[in-house]
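Input: a single structure, listed below in structure tokens.
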Amino acid sequence: MLVRGISYALNSNYQTSRTNLEVSMRRLSSGDKFAKTGVELGGELSVSERFRHRIRSAEASINSVQAGMSFLQNASENIDTVYQILNRMQEIAAATTDPMITADDRDVFNEEFQLLKAEIPEISRQAQFFGKQTVGRDTIVSYDANTKKLRFWQPTGDDPQEISRKFDSDATDVEQSTIGFDPSEDFSMSRDGKSLFFLGNEPGDGAGVLRLKRYDIDTQMVTTSSDLYATGDKLFVQEDGQLYVNGSGTLYDIDEGGLSRTATAITDMTADTEFTIYNDAVKYYRSSDNRIVSYDLNTATTTQLTAPITFASGGVDHSFSGSGRFIADESVAGTIRVIDTSTGNTATYNVGAGTALNNLKFNEDGDRIYFIDQDGASVHYINVGVDRDDNISLTAGAKVIQGTNSSSFNGLDLGGSNYGSSVSFVLSQDSVSVLSYEAADLSLYALGLSDTRVDTIANAETALSDLKEALNRTNAERAKISAMASRFEHVMNSHRNYIADLTNAESQIRDVDLAKETGYFSAMQVQNQSATAMLAQFNNLSKNVMVLLNS
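Everything in the sequence shown is counted per the numbering used here, starting at -3 for the first residue and increasing by one.
Spelled out as structure tokens, the structure:
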């Protein structure tokens, strides 16, 4: 019995020393104190894992910051390109103020000026970074009756998005207020791209009675005016964000807060017709004589722009360019007519008599006309330009959006800004924070250069003034980009310091003290060797006892 008890004790001591040696070997090979479960305190392991989670989150947020910095770099380069174009245009404008230049030379200068100007909308549309606009905020908005959602795209058809709530006749906002959207009535995005203005229905109102409404995309809440409007009234959002309404022939200035209206001096608009406001001048279709006129809001004077015009279909399908220089309508089925209000020149483009052409809309820069091909369930555009003799040129464009059926597009708007033009970069350390960048609006309309030309000394002098303002605006955008990039750089440095501090703290808890562990490992080796030797000696002793007993 005594021999057997000693055997168990020696074996237990051997197993313990071997286990301790294995644990020490694991720690030394991995550098992790928690290489074997149950050896260290569980609370320390929990704290260490929490640190590791925060480190991984911070490292992921660095990737987001780096993407943001790359985005800003791309935006900065595109803004610089526009800035260089504007500088060259300013040089041309300055040169053409020289009275010694001949008319032919002035035409050559103006041609270069117009070609440079035409490049700015292209940069605004095409400058993208991973599908996001960097120096453009134009949008295409339409209602999809299939999904009952309001959808919007970039002018190239890229980056499709939609308002999350349904916009059908029964739809309500987060507070269960009726949205009342009607795609057959006018609607437009706000200048910041965060809200949708529209003329909609309200329970209890009679037939043909509408209310002005604003739907906030972020809060998903609708604001409804107390003023009443009629079917066919039109909206316009000015470049500075001010909203106006053609309410049955009277132009109303809208207070954006409560959507209350104030009548302006213009009371002779043709009902159910569009209008535009550019450089404090309202271009509209006058009811008394069917002419396009311009009303200066500063001087309260009216200028007649065209001879009497008759729109097809009672003027329902027509559109002004942002500056009001061009107006387009469907003169006959399948044919788009464009009138230059500055010269009276006209041109037509045959889309095809068999094409169900709906919702003609100029983009704000006036170099494209978009329309819905209802049968083809698609959105197309044609190009608009003028030659050196001011003849209008209409050329084929392209299809930009393809729907699923004839219900895919109901109503079309190109005013305001794209909700997707605000790009958010999510940063997370211990809590979530967001850095946002709103794409610069460097369209000709926003820069005030839509109608700028240098074909006369007077026009060149006006161009110099307009270009000064455009350059100031562009410089402001460059400053905004620079400030944002600087902020991102500081965020990056902060994240790196944060990660370094967390890594150091986590290391203090989790990492093995190599000097201490090496000493412990050596001791365990000696103990294990001793235990092995003693167990071997004991086994030999047992054999000797058996020999004695047998003899």
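For glycine and all other residues, C-beta sits at the position ideal for the given N, C-alpha and C.
If you draw a straight line from the alpha carbon of Asn546 to that of Thr528, how long is it in whole angstroms? The straight-line gap from Cα to Cα measures roughly 27 Å.
Pull the bridge partners of Asn406 from the DSSP assignment, please. Tyr139
Looking at the unbroken beta strand (DSSP E) that takes in Val233, where does it start and where does it end? Lys230 to Val233
Quick one: what does DSSP say Leu467 is sitting in, helix, strand or coil? helix
Beta-carbon contacts of Lys128 that lie in its chain and below 6 Å, excluding the five residues immediately before and after: Val419
Would you mind listing the alpha helix (DSSP H) stretches within the stretch 365 to 453 that are 4+ residues and don't spill past its ends, in chain order? 440 to 443
Bridge partners of Leu185, per DSSP? Inspection of the sequence shows that residue 185 is occupied by Met rather than by Leu. Answer by DSSP bridge pairing, in chain order: Leu192.
Please return the same chain residues whose Cβ sits closer than 7 Å to the Cβ of Ala352, not counting the five positions on each side in sequence. The answer, listed in chain order, is Asp369, Gln370 and Asp371.
Per-residue DSSP class, three states only, for Arg492: helix
Looking at the unbroken beta strand (DSSP E) that takes in Ile288, where does it start and where does it end? Ile288 to Asp292
Output yes or no for whether 7 Å exceeds the beta carbon distance between Ser417 and Gly64. Not in contact: Ser417 and Gly64 (Cβ atoms no closer than 7 Å).
Which same chain residues, not among the five before or five after Leu467, have their C-beta less than 6 Å away from its C-beta? Leu82
Given 8 Å as the limit, is there contact between the stretch 343 to 357 and the stretch 95 to 115, that is, 3 or more CB pairs closer than that? no
Quick one: measure Cβ to Cβ for Met217 and Asp169, integer angstroms, because I've assumed they're closer than 8 Å. 5 Å
Taking the beta strand (DSSP E) that Arg133 falls in, what are its first and last residues? Per DSSP, Arg133 belongs to no beta strand (DSSP E) and is neither H nor E.
Simplified DSSP assignment, three categories, for Ile213: In the structure shown, the three-state DSSP call for Ile213 is coil.
When Ala261, Thr452 and Ser120 are compared against Gly104, the one with the closest alpha-carbon: The amino acid occupying residue 104 in the given sequence is Val; Gly does not appear at that position. Val104 has its Cα closest to that of Thr452, out of Ala261, Thr452 and Ser120.
In chain order, what residues of the same chain lie with their CB nearer than 6 Å to the CB of Thr266, ignoring the 5 residues before and after it? Tyr281 and Ser283
For Ile273, collect the residues of the same chain with a Cβ closer than 7 Å to its Cβ; drop the 5 residues on either side in sequence, then sort them by chain order. Phe232, Gln234 and Tyr240
Could you pull the start and end residues of the alpha helix (DSSP H) that Glu118 belongs to? Ala99 to Gln122
Please state whether DSSP places Ser222 in a helix, a strand or coil. strand
Closer than 8 Å is the cut-off here; do at least three beta carbon pairs connect the stretch 107 to 123 with the stretch 470 to 485? no
Locate the beta strand (DSSP E) running through Glu326, then write down its first and last residues. Phe322 to Val328
Assigned exposure category for Leu(-2) - 16 Cβ within 10 Å defines buried: Here the model assigns Leu(-2) a pLDDT of 48, short of 50, so the residue's position is not dependable, and the following value carries that caveat. Its Cβ having fewer than 16 others within 10 Å, Leu(-2) is exposed.
Per DSSP, what kind of secondary structure is Lys145 in: helix, strand or coil? strand
How many Å lie between Gly310 and Gly228 at the Cα? Low local confidence applies: a pLDDT of 44 at Gly310 is under 50, so the model's placement there is unreliable, and no value is given.
Go through its chain and collect everything with a Cβ distance to Gln69's Cβ below 8 Å, but skip five positions before and after it. Ala481
Kindly list the residues whose CB is nearer than 8 Å to the CB of Ala296, restricted to its own chain and excluding five residues on each side of it in sequence; keep chain order. Ala261
Starting from Gln300 and walking both ways along the beta strand (DSSP E), at which residues does that stretch end? Thr297 to Gln300
Below 8 Å on the Cβ atoms is my guess for Phe183 versus Ala167; work out the distance and round it to an integer in Å. That pair is no contact at about 14 Å.
So is Ile477 buried or exposed if we call it buried at 16+ other beta carbons inside 10 Å? Buried.
According to DSSP, is Gln62 helix, strand or coil? helix
Straight-line gap, Ser403 to Ile213 (C-alpha atoms, nearest Å): 23 Å
Do Ser60 and Phe421 have their C-beta atoms within less than 7 Å of each other? yes
Please state whether the Cβ-Cβ distance between Arg321 and Asp447 is less than 7 Å. yes
Thinking just about the alpha-carbon of each residue, which of Glu108, Leu390 and Asp313 is nearest to the one in Phe367? Asp313
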